[in-house]
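All residue numbers for the sequence shown refer to full-length UniProt numbering, where the first residue is 1 and numbers rise by one.
Glycine residues also receive a C-beta, built at the ideal position from the N, C-alpha and C atoms.
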Amino acid sequence: MGFAEGDVDKLYKDVFVPAFNKMYSIFTKYLKESGNGYLVGGSLTWIDLAVAQHSADLLEADGTVLDEFPEMKEHQKRIHDIPNIKKWIAERPVTSR
């Protein structure tokens, strides 16, 4: 996936929103099915870390992006509140995006 030329608002509406809604609906389904706060299995996995960070990045760009997915917003907060992860986030080097 790369950059597309054109109207940013139209691309957001026509490309990002449908893809985002599809993926976050799937994530929400797995989260609900697990019933334990993790996406897969009974403990923290790399997918929890990856999705939580992706969610945090999206929230940084648009604080309302997860409004339709409150379970995923809570998942992101729960993962980032794990003491060692919270400590790393507070101390990690700042990098450019």
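Inter-residue Cα distance where the pair is histidine 80 and proline 18
In the sequence shown, counting from the first residue as 1, residue 80 sits at position 80. In the sequence shown, counting from the first residue as 1, residue 18 sits at position 18. Looking at the two C-alpha atoms, the distance is approximately 26 Å.
Cβ of phenylalanine 20 within 9 Å of Cβ of valine 51?
Counting from 1 along the sequence shown, the entry for residue 20 is found at position 20. Counting from 1 along the sequence shown, the entry for residue 51 is found at position 51. Going by C-beta atoms, phenylalanine 20 is not nearer than 9 Å to valine 51.
Using a threshold of 9 Å, state whether the C-beta atoms of glycine 35 and histidine 75 are closer than that.
Position 35 of the sequence shown, counted from the first residue, corresponds to residue 35. Position 75 of the sequence shown, counted from the first residue, corresponds to residue 75. Contact: no.
With burial defined as no fewer than 16 other Cβ atoms inside 10 Å of the residue's Cβ, what is the status of tyrosine 12: buried or exposed?
Counted from its first residue, the sequence shown places residue 12 at position 12. With fewer than 16 other Cβ atoms within 10 Å, it is exposed.
Where serine 43 and lysine 22 are concerned, what is the direct C-alpha to C-alpha distance, given to the nearest angstrom?
Within the sequence shown, the letter at position 43 stands for residue 43. Within the sequence shown, the letter at position 22 stands for residue 22. When the Cα atoms are used, serine 43 and lysine 22 turn out to be separated by approximately 24 Å.
Where do the ends of the alpha helix (DSSP H) carrying serine 25 lie?
Reading the sequence shown from its first residue, position 25 is the one you call residue 25. Start and end: 17–34.
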